[in-house]
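Student:
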Amino acid sequence: MALIIMAMATSMLSGPLMRLGLGTKRKSRLQDALSSKLFVPDLQAQTRRHAIEALAASAAEVEGLDPQAVTAAAWSREEAMGTGIGNGVAIPHARIPALNEPRIVVGISAAGLDFDAPDDIPAHVIFLILTPQNDPCAHLDIVSGIARLFRDRSMLDRFLTVGSFTDFLALVQTGVQWKR
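Each residue of the sequence shown is one higher than the one before, starting from 14 at the first, in the working numbering.
1. Please report how far the alpha carbon of Leu182 lies from the alpha carbon of Ser49, in whole angstroms.
2. What residues match up with His152 in a beta bridge as DSSP calls it?
3. Assuming the contact rule is C-beta atoms closer than 8 Å, Phe128 and Arg61 should be a hit. Round their C-beta distance to whole Å, please.
4. Going by beta carbon distance, what residues of the same chain come within less than 7 Å of Thr37, once the five residues before and after it are set aside?
5. In terms of residue numbering, what span does the alpha helix (DSSP H) encompassing Leu169 cover?
6. Hey, could you find the ends of the alpha helix (DSSP H) Ser89 is sitting in?
7. Please list, in chain order, all residues of the same chain as Ala70 whose beta carbon is under 6 Å from its beta carbon, the five residues on each side excluded.
8. What does the alpha-carbon distance come out to for the pair Leu153 and Ala85?
9. Kindly identify the DSSP beta-bridge partner or partners of His63.
10. If you run the structure through DSSP and keep just helix, strand and coil, what is Thr187?
11. Would you call Met94 buried or exposed, if buried means 16 or more other Cβ atoms sit within 10 Å of its Cβ?
12. Mind checking whether the beta-carbon of Ser122 lies closer than 8 Å to any heavy atom of the ligand ZN?
13. Alpha carbon to alpha carbon, how far is Leu173 from His137?
14. DSSP beta-bridge partners for Thr144?
15. Note the first and the last residue of the continuous beta strand (DSSP E) segment covering Gly101.
16. Which word fits Asp105, buried or exposed, when buried means at least 16 other C-beta atoms lie within 10 angstroms of its C-beta?
17. Taking all protein chains shown into account, decide if Thr96 is buried (16 or more other Cβ within 10 angstroms of its Cβ) or exposed.
18. Identify the continuous beta strand (DSSP E) that holds Ala123 and give its terminal residues.
19. Let me make sure I understand the geometry here. Which of Val175, Val156, Pro131 has the alpha-carbon closest to that of Gln5?
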């Protein structure tokens with residue numbers, strides 16, 4: 014019994030203590046990094062490279078970034094290892110020195126794209142995660158939220174029916190609360 018309590022206490026304290034040691038202020042939440050200006054409900058891309066380029070262009074326009082630099086940073090990570098996590102979701106990502114806060118560009122692809130997911134299911138919901146260079150925990154916090162949200166395949170079907178950012182955000186918030 015004591016081992017179980019100690020394991021639970023260690024698990025609950027390790028994240029906040031690491032965050033304190035790394036000097037980060039608070040946990041980055043998925044919904045805080047989303048924006049209606051960074052939502053692409055009808056992503057028209059034939060390849061994962063084209064998807065990353067389109068999502069990077071959206072981020073660059075909204076955040077005042079260099080689209081080629083954002084694409085290059087995300088693509089270099091994608092080439093090293095595919096970012097499909099399964100259940101129809103991909104999480105290409107990059108650390109961007111010019112950012113102060115995490116930003117996520119969301120693309121919905123009805124056709125689906127191959128992001129080398131372990132389950133071989135094409136990605137229909139693509140989250141381009143852009144985090145500040147100096148915040149190593151932000152990426153992990155956001156990926157953790159996405160992974161929890163899409164633990165089961167039924168969530169993908171629900172996300173494919175959204176037509177607006179408001180619907181998307183409501184589904185994220187409902188899903189996050191439901192999955193806790």
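For glycine and all other residues, C-beta sits at the position ideal for the given N, C-alpha and C.
Please read all numbers here as calculations on a predicted model, not as lab measurements.
Tutor: Let's see:
1. Cα atoms of Leu182 and Ser49: separation of roughly 9 Å, rounded to the nearest angstrom.
2. The partner list for His152 (beta bridge, DSSP) is empty, contrary to what the question assumes.
3. In this structure, Phe128 and Arg61 form a Cβ contact; the two beta carbons are roughly 5 Å apart against a cut-off of 8 Å.
4. Model confidence at Thr37 stands at a pLDDT of 49, short of 50, so the residue's coordinates are unreliable and nothing is read from them.
5. 167-172 is the span of the alpha helix (DSSP H), which, as asked, contains Leu169.
6. Residues 80-93.
7. Excluding residues within five positions, the ones whose Cβ falls inside 6 Å are Pro80.
8. Distance between the alpha carbons of Leu153 and Ala85: 21 Å.
9. Beta-bridge analysis with DSSP links His63 to no other residue.
10. In this structure, Thr187 counts as helix in the three-state DSSP scheme.
11. The residue is exposed, with fewer than 16 neighbouring Cβ atoms inside 10 Å.
12. Among the components of this structure there are no ligands whatsoever, and the ligand ZN is therefore not found.
13. Leu173 and His137 have their alpha carbons spaced roughly 8 Å apart.
14. Residue pairing by DSSP puts Thr144 in a beta bridge opposite Arg108.
15. Run containing Gly101: none; DSSP gives neither H nor E here.
16. Contrary to the premise, residue 105 reads as Pro rather than Asp in this sequence. Label assigned to Pro105: buried.
17. Thr96 should be labelled buried.
18. In the DSSP annotation of this structure, the continuous segment of the beta strand (DSSP E) that includes Ala123 starts and ends at 116-126.
19. This structure gives no information on residue 5, because the portion of the chain shown stretches from 14 to 193.
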